[in-house]
Amino acid sequence: MRASQAFPYRAPMDPNDRPRSGLATDQPATSDTASALANATEILARAAADEAAAVEAHARFRREGAPTLPPDERISPLLEPGERVIAVRHAVLLDRREPAPGARFTPGVAGTLYVTSQRLVLVGRLTLPFAIDEIEDAIVTGERLLLVLRDGHGVALQVAQPRLLWVEIAAARGPARAGQGSGSKDGPRPAVR
Numbered sequence: 010m011r012a013s014q015a016f017p018y019r020a021p022m023d024p025n026d027r028p029r030s031g032l033a034t035d036q037p038a039t040s041d042t043a044s045a046l047a048n049a050t051e052i053l054a055r056a057a058a059d060e061a062a063a064v065e066a067h068a069r070f071r072r073e074g075a076p077t078l079p080p081d082e083r084i085s086p087l088l089e090p091g092e093r094v095i096a097v098r099h100a101v102l103l104d105r106r107e108p109a110p111g112a113r114f115t116p117g118v119a120g121t122l123y124v125t126s127q128r129l130v131l132v133g134r135l136t137l138p139f140a141i142d143e144i145e146d147a148i149v150t151g152e153r154l155l156l157v158l159r160d161g162h163g164v165a166l167q168v169a170q171p172r173l174l175w176v177e178i179a180a181a182r183g184p185a186r187a188g189q190g191s192g193s194k195d196g197p198r199p200a201v202r
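Residue 191 in this note's numbering sits at position 182 of the sequence shown; the count goes up by one each step and never skips.
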């Protein structure tokens with residue numbers, strides 16, 4: 010068999026002609042793009058609402074001080090004398106990391122997070138307390154609040170309204186930091202990424 014018989018000559022395809030085949034059309038890609046844009050718009054709207062709530066709470070706390078909430082049956086037995094509840098967040102996922110890169114990490118623990126005048130206390134399958142005055146820095150990234158503790162440990166809190174949560178934590182930290190002469194009268198602001 011000669012080469013010309015094995016591969017018969019075909020005229021070049023006109024660029025406007027598209028071969029008709031059973032291949033998927035571009036519609037799913039367009040649908041995926043529209044879905045991604047809708048999700049991004051939703052995330053941005055939640056972040057904007059969170060920022061507005063944080064600004065409003067910050068102004069209110071400066072005027073009126075940190076609120077005191079009545080303790081519920083889960084946190085009440087865990088409170089120290091004089092410790093008061095400032096905020097409660099349900100459905101929080103907490104990841105705790107060791108200070109060295111690549112070191113151990115505690116898998117996520119879910120529960121209710123209580124911000125008190127002295128501690129953050131996650132009550133769930135485990136009870137995990139963190140002293141308020143041990144928080145060195147905070148970063149808001151997406152829907153997570155990342156806390157750096159003085160001992161180098163990191164705590165990632167996946168929570169609705171992480172910016173508002175940081176303002177609530179800052180309100181709890183205020184009295185402790187006032188005694189240390191922290192400088193800024195507005196309190197700490199988290200880095201946002």
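Just so you know, even glycine gets a beta-carbon here, dropped at the ideal spot from N, CA and C. In this text the structure is predicted, and so the values were computed from the model without any measurement.
Hey, residue i and residue j are a contact pair by Cβ (cut 8 angstroms); roughly how many whole angstroms apart?
i      : j      : result
Arg153 : Phe139 : Arg153 to Phe139, Cβ: 16 angstroms. No contact.
Glu143 : Leu158 : 5 angstroms
Gln170 : Ala62  : 6 angstroms
Ile95  : Ala75  : 5 angstroms
Do you know offhand how far residue i's Cα is from residue j's?
i      : j      : result
Arg7   : Pro80  : Outside the shown range of the chain, which is 10 to 202, sits residue 7, and nothing can be said about it.
Thr136 : His99  : 14 angstroms
Arg172 : Ser40  : 32 angstroms
Ala181 : Thr42  : 42 angstroms
Pro86  : Arg134 : 16 angstroms
Asp195 : Glu60  : Model confidence at Asp195 stands at a pLDDT of 47, short of 50, so the residue's coordinates are unreliable and nothing is read from them.
Val64  : Ala58  : 10 angstroms
Arg83  : Pro90  : 16 angstroms
Gly183 : Thr150 : 23 angstroms
For the ligand SAM, any of its heavy atoms closer than 8 angstroms to the Cβ of residue i?
i     : result
Ser44 : This structure lacks the ligand SAM; in fact it carries no ligand of any kind.
According to DSSP, which residues form a beta bridge with residue i?
i      : result
Val132 : Thr121 and Thr136
Thr150 : Arg153
Val97  : Tyr123
Gly161 : Gly161 pairs with nothing; no bridge assigned.
Gln170 : Answer is none; Gln170 lacks a bridge partner.
Give every residue of the same chain whose Cβ lies closer than 7 angstroms to the Cβ of residue i, excluding the five residues on either side of it in the sequence, and list them in chain order.
i      : result
Val164 : Leu103, Arg105, Phe139, Leu156 and Leu158
Arg93  : Thr77, Thr125 and Ser126
Val270 : There is no way to answer for residue 270, as the model of the chain reaches only from 10 to 202.
Ser30  : Caution applies to Ser30, whose pLDDT of 47 falls short of 50 and renders its modelled position unreliable; the model cannot decide the point.
Just to confirm my understanding: we take residue i, look at its own chain, exclude 5 residues before and 5 after, and list those with CB closer than 6 angstroms. What are they?
i      : result
Leu122 : Arg98, Val101 and Leu131
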